[in-house]
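One structure is given here, and the rest of the page talks about it.
Protein chains: 2
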Amino acid sequence: MSRADQTQTAVLGALSVLPMTGYALREEIRAVLGHFWSESFGQIYPALAELERQQLIERRGADGSRSSVFAITPAGTARLRELLSAPVQPVRPRNGLLLRLFFGRQLGPEACRTLIKDARAQAEAQLADLAAARAESQEGGEHPQDSGYWMLTISAGEHAARAAIAWADESLAALSTVEQQAPPSAGSLPESHPDTPHPPAKEHP
Amino acid sequence: MSRADQTQTAVLGALSVLPMTGYALREEIRAVLGHFWSESFGQIYPALAELERQQLIERRGADGSRSSVFAITPAGTARLRELLSAPVQPVRPRNGLLLRLFFGRQLGPEACRTLIKDARAQAEAQLADLAAARAESQEGGEHPQDSGYWMLTISAGEHAARAAIAWADESLAALSTVEQQAPPSAGSLPESHPDTPHPPAKEHP
DNA sequence: AATATCATGTAACATGTTACATGATTGG
DNA sequence: CCAATCATGTAACATGTTACATGATATT
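Protein chains in written order, with my numbering: chain G, 1 to 205; chain P, 206 to 410.
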């Protein structure tokens with residue numbers, strides 16, 4: 001699957017659940033797929049235009065005039081299955097948090113701790129979001145056929161978030177053992193004695 | 206931090222550990238930061254040129270002539286700390302595996318199971334890689350000052366990989382309970398045509 | 001009547017990847 | 001000498017984001 005097709009996959013997939021407008025599409029993608037997927041405005045409309053040109057979706061004047069609801073066609077459903085069957089596009093990782101921690105000596109332990117605490121808080125928030133999504137999906141039950149699959153994605157997010165929290169706690173503990181190490185001397189200064197504002201930390205045994 | 210600066214951060218960071226050529230830089234980034242970061246060739250050289258122009262790094266004719274080793278300057282170290290202190294760039298998620306599973310009904314349980322098994326295998330492989338990296342970092346010990354921080358990134362990868370494995374096992378079990386559900390009718394059949402926004406459900410008997 | 005939201009789009013920009021071109025050095 | 005690898009770069013392409021322009025519809 002070429003990369004461009006990924007947007008088409010998401011759009012076709014969403015329309016396979018329910019016909020909607022481009023605007024609603026973006027809202028739904030943000031709200032429902034947001035945990036693991038994102039599309040920007042500038043991609044959705046071109047994708048819709050292209051899909052319509054290929055007759056994989058069709059536009060229906062919803063009731064009177066303006067707002068056009070897009071619905072998937074049989075050919076579109078076939079194409080969706082084809083796209084979903086294509087190998088998963090490997091993602092090039094770019095984790096800004098870990099990049100900063102890797103060069104953590106330049107930042108010093110205090111700043112690193114802050115970064116980790118922030119990440120932990122984010123994971124907690126994520127967990128709360130997912131709990132809400134899980135409840136909604138299980139109760140509302142408008143799409144019982146899909147909800148089993150949707151649960152898989154929610155569960156994936158929960159596992160990842162819990163792992164992040166566990167890692168953060170472990171890391172905060174580990175960081176206290178390097179606390180006494182000062183960051184290396186500033187670029188323009190010769191090495192001065194370590195004058196970190198941190199009180200002496202406990203050595204690890 | 207603008208996005209472009211992220212490459213500069215990685216390059217400056219790597220050179221802060223050890224001066225090296227652009228080629229070696231790419232190899233090191235791939236080998237050492239590979240678990241959480243990536244840079245493509247086409248970005249490294251322009252970044253090096255720009256950093257040299259700003260005198261944040263300097264080029265040294267290594268021994269005789271050709272291969273130029275880049276070394277960070279004091280100003281470069283200062284800039285690195287500035288970059289590392291900037292807020293982490295939020296990443297827009299794009300998880301192709303979860304996208305496929307979310308629309309799993311179109312694929313059917315068997316294909317989904319395969320996807321999950323593949324993901325599990327990948328996580329296992331990742332875990333093995335990280336174990337090797339951990340061993341190397343702990344024994345080799347060429348950079349004792351940094352190794353504590355490096356361990357944090359390895360640990361993050363391990364937590365994530367273990368979470369992925371646990372999720373996969375759980376999901377494979379869950380999927381067996383939806384096993385009997387057939388994927389919805391093929392694209393050419395009338396049920397999936399938009400005339401009926403919700404294709405009739407084939408409930409399990 | 002004024003404001004907020006829905007709705008569709010485009011253009012400019014930013015970012016990132018791939019393939020290619022070029023040549024030096026090294027090891028067999 | 002030949003092949004592999006090291007080394008530096010560029011250009012074309014692919015992808016993705018942001019800001020803007022426009023106007024309808026609904027709400028207050």
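Virtual Cβ for every residue (Gly too), placed ideally from N, Cα, C. Quantities reported herein were computed from a predicted structural model and do not represent experimental measurements.
| query | result |
| --- | --- |
| Just list the alpha helix (DSSP H) runs in the region 314 to 374 of chain P, keeping only unbroken ones of 4 residues or longer that don't cross its boundaries, in chain order. | 314 to 345 |
| I'd like to know whether the C-beta of G:Q6 is nearer than 8 angstroms to at least one C-beta of chain P. | yes |
| Counting Cβ pairs closer than 8 angstroms, one from the region 117 to 131 of chain G and one from the region 235 to 247 of chain P, do we hit at least three? | no |
| Measure the alpha-carbon distance for G:A163 versus P:L261 and round it to whole angstroms. | 37 angstroms |
| Between the C-alpha atoms of G:Q89 and P:G301, what's the straight-line distance to the nearest angstrom? | 6 angstroms |
| With a cut-off of 8 angstroms, does the C-beta of P:R339 fall near any C-beta of chain G? | no |
| Taking buried to mean at least 16 other C-beta atoms within 10 Å of its own C-beta, is P:Q211 buried or exposed? | buried |
| Does the structure place the region 131 to 142 of chain G close enough to the region 311 to 319 of chain P that three or more beta carbon pairs sit under 8 angstroms? | no |
| With a Cβ-Cβ cutoff of 8 angstroms, do G:L98 and G:T9 count as a contact? | no |
| Alpha carbon to alpha carbon, what distance is there between P:L223 and G:G187? | Note that G:G187 has pLDDT 43, beneath the 50 cutoff, so the model's placement of it is unreliable and the number below is only indicative. Rounded to the nearest angstrom, the two C-alpha atoms are 15 angstroms apart. |
| Of all the options P:I277, P:E375, P:G266 and P:I234, which has the alpha carbon lying nearest to the alpha carbon of P:E255? | P:I277 |
| Any beta carbon from chain G within less than 8 angstroms of P:L285's own beta carbon? | yes |
| For G:H143, which residues of its own chain have a beta-carbon under 7 angstroms away from its beta-carbon, when the five flanking residues on both sides are left out? | V17 |
| Under a Cβ-count criterion, where at least 16 other Cβ atoms within 10 Å of its own Cβ denotes burial, should P:G266 be classed as buried or exposed? | exposed |
| Check for me: the beta strand (DSSP E) holding G:S68 runs from which residue to which? | S68 to I72 |
| The beta strand (DSSP E) spanning G:R60 covers which residue range? | I57 to G61 |
| Under 8 angstroms between C-beta atoms, does G:Q89 make it to chain P? | yes |
| Using a Cβ-Cβ cutoff of 7 angstroms, what residues of the region 7 to 26 of chain G are near chain P? List them in chain order. | T9, A10, G13, S16, L18 and P19 |
| When the Cα of P:R310 is compared with those of P:L380, P:A219 and P:S272, which residue comes out closest? | P:L380 |
| Does the beta-carbon distance from P:F308 to G:G42 come in below 8 angstroms? | no |
| Kindly indicate if chain P contains any beta-carbon less than 8 angstroms away from that of G:R92. | yes |
| Checking contacts by CB at 8 angstroms: is P:Y354 closer than that to chain G? | yes |
| Short of 9 angstroms Cβ to Cβ, which residues in the region 318 to 335 of chain P face chain G? | L320, I321, D323 and A324 |
| Determine the direct distance from the alpha carbon of P:R305 to that of G:S155, and round the result to whole angstroms. | 15 angstroms |
| Which value, in whole angstroms, describes the spacing of the CA atoms of P:P314 and G:V32? | 21 angstroms |
| For a contact meaning CB atoms closer than 9 angstroms, what does G:A166 contact in chain P? | H364 and A368 |
| Would you mind working out which of P:Q350, P:V274 and P:E363 sits nearest P:A333, comparing C-alpha positions? | P:E363 |
| Starting from G:P93, trace the alpha helix (DSSP H) in both directions and tell me its first and last residue. | Note, G:P93: premise wrong, no alpha helix (DSSP H); not H, not E. |
| Over the uninterrupted alpha helix (DSSP H) stretch that includes P:Q211, give me the two end residues. | D210 to V222 |
| Could you tell me if G:V69 is buried or exposed, where buried requires 16 or more neighbouring beta carbons within 10 angstroms of its beta carbon? | buried |
| Show which residues of chain G have a CB atom less than 8 angstroms away from the CB atom of P:S290. | L107 and A111 |
| Would you say the beta carbon of P:A324 comes nearer than 7 angstroms to a heavy atom of the ligand COA? | Ligands are entirely absent from the displayed structure, and the ligand COA is therefore not among its contents. |
| Return the Cβ separation of G:I44 and G:V91 in integer angstroms, given the expectation that the two are a contact with Cβ distance under 8 angstroms. | That belief does not hold up - the Cβ atoms of G:I44 and G:V91 are roughly 20 angstroms apart, past 8 angstroms. |
| By Cβ distance below 8 angstroms, which residues in the same chain neighbour P:R231 in space, the five residues on each side in sequence not counted? | E244, F246 and I249 |
| Answer yes or no: does any C-beta atom of chain G fall closer than 8 angstroms to that of P:E375? | yes |
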